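Using the numbering used here, read the sequence shown as starting at 14 and increasing by one per residue. C-beta atoms are modelled at their ideal positions from N, C-alpha and C, and glycine is treated no differently. It should be emphasised that the depicted structure is a prediction, and the values quoted were computed from it without experimental measurement. Written below as structure tokens is the structure these notes are about.
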Amino acid sequence: MNKLSGKTILVTGVTGFIGQHLVRRLLEIPNIRLLVVSRKPNAQISGKILWITSPLEQLTSAIWQANGIDKIDLVFHLGAFTPKKADDTNQITEIYRDNLLGTRVLLESFPSPLERIIFSSTLDVYATPLADNIILDKWLRNSALWSYFWSG
Numbered sequence: 014m015n016k017l018s019g020k021t022i023l024v025t026g027v028t029g030f031i032g033q034h035l036v037r038r039l040l041e042i043p044n045i046r047l048l049v050v051s052r053k054p055n056a057q058i059s060g061k062i063l064w065i066t067s068p069l070e071q072l073t074s075a076i077w078q079a080n081g082i083d084k085i086d087l088v089f090h091l092g093a094f095t096p097k098k099a100d101d102t103n104q105i106t107e108i109y110r111d112n113l114l115g116t117r118v119l120l121e122s123f124p125s126p127l128e129r130i131i132f133s134s135t136l137d138v139y140a141t142p143l144a145d146n147i148i149l150d151k152w153l154r155n156s157a158l159w160s161y162f163w164s165g
């Protein structure tokens, strides 16, 4: 029996690369309740999903209640501001809104305590400015090259 069977699972960042693939895999698991939160729907993702269209920073317990959600067991938090071009990488307002405020509001909005949250990002790579072709297999504290890391 799958360990996720019978669980209510929330995924943020479902319009991103990892989020889309994760949702497709989760839909293969029988007997789960799958919730997704996104600013906009994605027609490529379909199935037995409760889609909540909302920016993370605007989530409230009332939104969960209005959708009949009184408990969420597991959260895959993949949602973040993702720059589409180099000029977008230092948009501090968007980074703060989505990556900090959005995460905080998300965590404060849940209708009950979670069993687990998995927080992941593919947005940034932490390295030294002169490093080339390195493989990161550990946490590199204070070595990020991008503002998202320093925003926390």
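For H34, count neighbouring C-beta atoms within 10 Å of its own C-beta (all shown protein chains included) and say buried if the count is 16 or more, exposed if not.
That one is exposed.
To the nearest angstrom, how far is the alpha carbon of S133 from that of I82?
One C-alpha to the other measures close to 24 Å.
Could you tell me whether the segment 83-102 touches the segment 21-36, where touching means 3 or more Cβ pairs closer than 8 Å?
In short, these stretches touch, since the Cβ pair count reaches three.
Am I right that L127 and D86 are in contact with their C-beta atoms under 8 Å? What's the rounded C-beta distance?
Right, their Cβ atoms sit about 7 Å apart.
Can you tell me whether DSSP reads V36 as helix, strand or coil?
Note: V36 maps to helix in three-state DSSP.
Looking at the structure shown, is I76 part of a helix, part of a strand, or coil, going by DSSP?
I76 falls in the helix class under three-state DSSP.
According to DSSP, is G60 part of a helix, a strand, or is it coil?
If DSSP states are grouped into helix, strand and coil, G60 belongs with coil.
Can you have a look at I22 and say buried or exposed, based on whether 16 or more other CB atoms are within 10 angstroms of its CB?
Classification of I22: buried, given that the 10 Å Cβ count is 16 or more.
When we look at the beta-carbon of K20 and count the other beta-carbons within 10 Å, is it buried (16 or more) or exposed?
So K20 ends up on the buried side.
Terminal residues of the continuous beta strand (DSSP E) containing V24?
Run containing V24: 21-25, per the beta strand (DSSP E) assignment.
Label S51 either buried or exposed according to how many other C-beta atoms from any shown protein chain fall within 10 Å of its C-beta, with 16 as the threshold for buried.
Result: buried.
With a Cβ-Cβ cutoff of 8 Å, do V36 and L69 count as a contact?
No, the Cβ-Cβ distance between V36 and L69 is not below 8 Å.
Whole angstroms is fine: what's the gap from E121's alpha carbon to T106's?
The straight-line gap from Cα to Cα measures roughly 21 Å.
If you run the structure through DSSP and keep just helix, strand and coil, what is F30?
Three-state DSSP puts F30 in a helix.
By a C-beta neighbour count over all protein chains shown, 10 Å radius and 16 as the cutoff for buried, is F30 buried or exposed?
Exposed: under 16 other Cβ atoms inside 10 Å.
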